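Just so you know, the protein sequences line up as chains A and B, in that order.
Using the numbering used here, you'd call the opening residue of the first sequence number 1 and step up by one each time.
Using the numbering used here, you'd call the opening residue of the second sequence number 327 and step up by one each time.
Following: one structure in structure tokens, then a few remarks.
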Amino acid sequence: MTTSNEVLVKVEDLKMYFPIYSGVFQRKVGDVKAVDGVSFDVYKGETLGLVGESGCGKTTTGRTIIQLYKPTAGHVWFEGKDLATLKSEAMRQVRQNVQMIFQDPYASLNPRMTLRDIIGEPILAFGAATGKEIDDRVADLLTLVKLSPDFVGRYPHEFSGGQRQRIGIARSLAMNPQFIVCDEPISALDVSIQAQVINLFEDLQQQLGLTYLFVAHDLSMVRHISNRVAVMYLGIIAELADRDEIYGNPLHPYTKALLSSIPIPDPKYYETRKRIVLEGDVPSPANPPSGCRFRTRCPIADAHCAEERPELREVTPGHYVACFKV
Amino acid sequence: MANELLNVQNLETVFNTPGGIIHAVNGVNFCLNEGETLGVVGESGCGKSVSMLSCLRLVAMPPGKIINGVANFKGKDLLSMPDEELRHVRGAQIAMIFQDPMTSLNPVMTIGRQMEEPLLLHMGMNKQQARKRSIELLEQVGIPQAGDRLKDYPHQYSGGMRQRVMIAMALSCNPQILIADEPTTALDVTIQAQIVELVIKLREQLGMAIIWITHDLGVVASIAQRVMVMYGGYIIEEAPIKKLYSNPTHPYTVGLLGSLPSTQRGKRHRLYSIEGMPPVLYRKPQSCPFAPRCRWVQPICREQLPGLDNIDSDHTVRCWVDIKTGKVHA
């Protein structure tokens, strides 16, 4: 795997608030702060894993980066342009280069379209080819994701979950993008199929030099596929580091607890291990705790943590943590 | 030898669908001892849930139909017992928790009423006793301010708390067997860890036997003592937990374990992937159901169904081939 130091996507203090309306007059009564000040760089050719529990804002972060939501504040730099301020036509042109793969392969493909239409649509939309050329390109893409080119006339319902996910991948590759946001691309699939799709992601990255933002809650798969990993909690990044560093030497108490909850497929492991079991649930992002977001569940929190919000700081080169106690 | 609680023989369940008959469970034999935790592992559609639901006759009939089998629970056959008698077993002696705690709780009844129902029905308690016991149970599964929270509706609980309520309800009549059907699949990993710890704690306190159905080989390693792996409606391998992980013998088990990412530091290896997809069971497999995806496949695998053979006193495998030599077993 080749990763460079060249930054492909730079996310700066990204915020995405969803307003809450209530009452007879539907007045705005507050915000769900789904993403609340997130900054990180994605290097060219790497896979950055983004993990966290449901409701932590990881999917929203992915969607906001490629402007499926208009960010409340912050910047997303890609090829010298700030995607957050681009007008819609300019953004549409950028979309050739930034693509998304969705979680649910059943919901993300139009059941009334054939594979030719589904995969050919981006090509048609950007006017990149016409007629016979589109058919050739679709056949190439199907081969690329290890499906038979003979499938072009078929409909999504004729395929299994793993195959549908491949169709979604083929569609996202249609315009030769550089950057792909993979939003839980394997969580709807069976274990043996997950491995097939993960291997495909790795092959495509090697062949095409793709950069992935890999959003997932499966910590062991993220460990497998990522070069670096960011851990999110309630709309902020708690810790970001190289894969081996974060899994081998987690510093944030949340990361420690999260990693110790991974079910390890080895019965001997459980004879010796002591789990850190977190109490309670993730608080509501509409009313997050003051100061450090994690303090309500943190085993080492004190008064200072309630007053001030810890910033993400670099403790060793490349290892960022948002905690006062580290 | 521990006391046998449940003994299932030759269980076969089919579903009549518009596309044809689906043979979901094709002759499953297993037993469960007192106080034991049995893990049932497999991918979706392998028959793991249906076989356990069939034991309690909880498969919807029609379209489902149990066409063969015996399920002896303390000497009585659950599959042929009158409905009235079975009703006293279900919930009271064999309890069940499901994957999705939201759809298995009634959204228009308070948690309290739902908790009290089995107590009034099976335990012959009056309202006050049932209320008091419900509070005790909720405290036991770690719900704070249990007395007040009885008045809440399911939507006011989080996913993890709803699953705790389900567990409390399942345990309310002191069952001897708890069947847990993917109880942590819908939950986050930290909440999953909470629930697994809770079940292990309750198992120690109450000494019930557990059947834990899951597709997650990690979760099952943390809780089960013995594991059955299912594929295509058959049990294809069964062994004590440590043997299964240290010496997986069926090609499918080997593949499943190999397709998990490594937890070791350092260079990543390529994931072992089982090519192809699980079979759709419109026909009862006459040969090995895994043969089309198997890398050790031999001609005999496509012709005849292998038997479930002992390779050790407590380790059985349904495979023609010895994967160490790549040859058919003598």
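Think of the CB as a built atom: it goes at the ideal place given N, C-alpha and C, for glycine as much as any other residue.
These numbers were taken from a predicted model, which means no experiment stands behind them.
Could you check how far apart the C-beta atoms of residue i and residue j are, in whole angstroms? I think they sit under 8 Å.
i, j, result
"P185(A)", "Q103(A)", "7 Å"
"I420(B)", "P470(B)", "Rounded, the Cβ-Cβ distance is 30 Å, inconsistent with contact."
"H541(B)", "D281(A)", "With a Cβ gap of about 24 Å, H541(B) and D281(A) do not count as contacting."
"G468(B)", "L524(B)", "6 Å"
"V334(B)", "F356(B)", "5 Å"
"F616(B)", "Y571(B)", "The Cβ separation is near 19 Å, so there is no contact."
"T343(B)", "P389(B)", "6 Å"
For residue i and residue j, what's the separation of their Cα atoms in angstroms?
i, j, result
"Q67(A)", "F214(A)", "17 Å"
"V138(A)", "I180(A)", "19 Å"
"I123(A)", "P149(A)", "17 Å"
"C620(B)", "C372(B)", "16 Å"
"L528(B)", "R488(B)", "17 Å"
"Y269(A)", "S260(A)", "11 Å"
"A107(A)", "P632(B)", "39 Å"
"G584(B)", "I264(A)", "13 Å"
"D514(B)", "T255(A)", "14 Å"
"M492(B)", "M449(B)", "18 Å"
"N336(B)", "V35(A)", "54 Å"
"G401(B)", "I262(A)", "40 Å"
"H576(B)", "R628(B)", "16 Å"
"V9(A)", "G602(B)", "36 Å"
"G80(A)", "Q99(A)", "18 Å"
"M327(B)", "L358(B)", "Any reading at M327(B) must be qualified, since the residue scores a pLDDT of 49, below 50, and its modelled position is unreliable; the value itself is stated next. One C-alpha to the other measures close to 12 Å."
"A350(B)", "A506(B)", "19 Å"
"D302(A)", "P285(A)", "21 Å"
"R383(B)", "N199(A)", "41 Å"
"I406(A)", "F40(A)", "Residue 406(A) is absent from the model: chain A starts at 1 and stops at 326."
"D242(A)", "P317(A)", "10 Å"
"G131(A)", "R116(A)", "11 Å"
"Y247(A)", "T363(B)", "31 Å"
"G365(B)", "E330(B)", "16 Å"
Once the 5 residues before and after residue i are set aside, which same chain residues still bring their CB inside 6 Å of it?
i, result
"L251(A)", "V321, V326"
"G49(A)", "F214, V222, S226, V229"
"L379(B)", "V385"
"I237(A)", "V38, A230, L312"
"T2(A)", "Its pLDDT being 48, under 50, T2(A) is placed unreliably in this model, and the value from its coordinates should be taken loosely. Only G45 meet the Cβ criterion."
"C298(A)", "P253"
"N636(B)", "T642"
"P427(B)", "R488, Q489, M492"
Hey, residue i and residue j: beta-carbon distance below 8 Å or not?
i, j, result
"Q196(A)", "M221(A)", "no"
"P267(A)", "A547(B)", "yes"
"L463(B)", "A494(B)", "yes"
"G74(A)", "D13(A)", "yes"
"D183(A)", "T59(A)", "yes"
"R166(A)", "I119(A)", "no"
"L582(B)", "I536(B)", "no"
"L597(B)", "P587(B)", "yes"
"S561(B)", "L634(B)", "In the sequence under discussion, the amino acid at residue 561(B) is Ile, which differs from the Ser named in the question. In contact: I561(B) and L634(B) (Cβ atoms closer than 8 Å)."
"V7(A)", "A216(A)", "no"
"A90(A)", "P71(A)", "no"
"C292(A)", "R309(A)", "yes"
"V76(A)", "V11(A)", "yes"
"Q624(B)", "S613(B)", "no"
"R552(B)", "P566(B)", "yes"
"A550(B)", "W538(B)", "yes"
"V580(B)", "I626(B)", "no"
"L234(A)", "L258(A)", "no"
"A512(B)", "Q425(B)", "yes"
"I393(B)", "V340(B)", "yes"
"P509(B)", "I526(B)", "no"
Please find out if some non-hydrogen atom of the ligand GTP comes closer than 7 Å to the beta-carbon of residue i.
i, result
"K569(B)", "Inclusion of the ligand GTP in the displayed structure is not the case, the ligand content being empty and no account of it being possible."
Can you name, in chain order, every residue of its own chain whose Cβ lies under 8 Å from the Cβ of residue i, other than the five neighbours on each side?
i, result
"L476(B)", "T436, I437, G438, M441, R457, S460, I461, L464"
"T296(A)", "G280, P283, P289"
"L208(A)", "L173, N176"
"Y21(A)", "R27, K28, V29"
"G345(B)", "Y608"
"N662(B)", "The requested residue 662(B) does not occur in the structure, where chain B is confined to residues 327 to 656."
Report yes or no: is there a C-beta of chain D within less than 8 Å of the C-beta of residue i?
i, result
"L497(B)", "Note that chain D does not occur in the displayed structure, where the protein chains are A and B."
Alpha helix (DSSP H) runs wholly inside the segment 531 to 594 of chain B, at least 4 long, in chain order
For the segment 531 to 594 of chain B, the continuous alpha helix (DSSP H) assignments of 4+ residues that do not extend past its boundaries occur at 543 to 549, 567 to 572, 577 to 584, in sequence order.
Taking only runs that begin and end inside the segment 194 to 262 of chain A, name each unbroken beta strand (DSSP E) of 3 or more residues, in chain order.
Taking only runs of at least 3 residues, the beta strand (DSSP E) segments lying wholly in the segment 194 to 262 of chain A are 211 to 216, 228 to 233, 236 to 242.
Ranges of the alpha helix (DSSP H) found wholly within the segment 404 to 465 of chain B, counting only runs of at least 4
Entirely contained in the segment 404 to 465 of chain B, the alpha helix (DSSP H) runs reaching 4 residues are, in chain order, 409 to 415, 427 to 430, 437 to 448.
Runs of beta strand (DSSP E) lying entirely within the segment 45 to 78 of chain A, each at least 3 residues, in chain order:
With a minimum length of 3 residues, the continuous beta strand (DSSP E) runs that stay inside the segment 45 to 78 of chain A are 47 to 51, 73 to 78.
Which complete alpha helix (DSSP H) runs does the segment 333 to 398 of chain B hold, if anything under 4 residues is left out?
If we require 4 residues or more, the alpha helix (DSSP H) runs fully inside the segment 333 to 398 of chain B come out as 374 to 381.
Going along the chain, which unbroken runs of the beta strand (DSSP E) with 3 or more residues stay wholly within the segment 472 to 528 of chain B?
Taking only runs of at least 3 residues, the beta strand (DSSP E) segments lying wholly in the segment 472 to 528 of chain B are 503 to 507.
Give the list of continuous alpha helix (DSSP H) stretches no shorter than 4 residues that lie fully inside the segment 143 to 195 of chain A.
Here the runs fully enclosed are 161 to 173.
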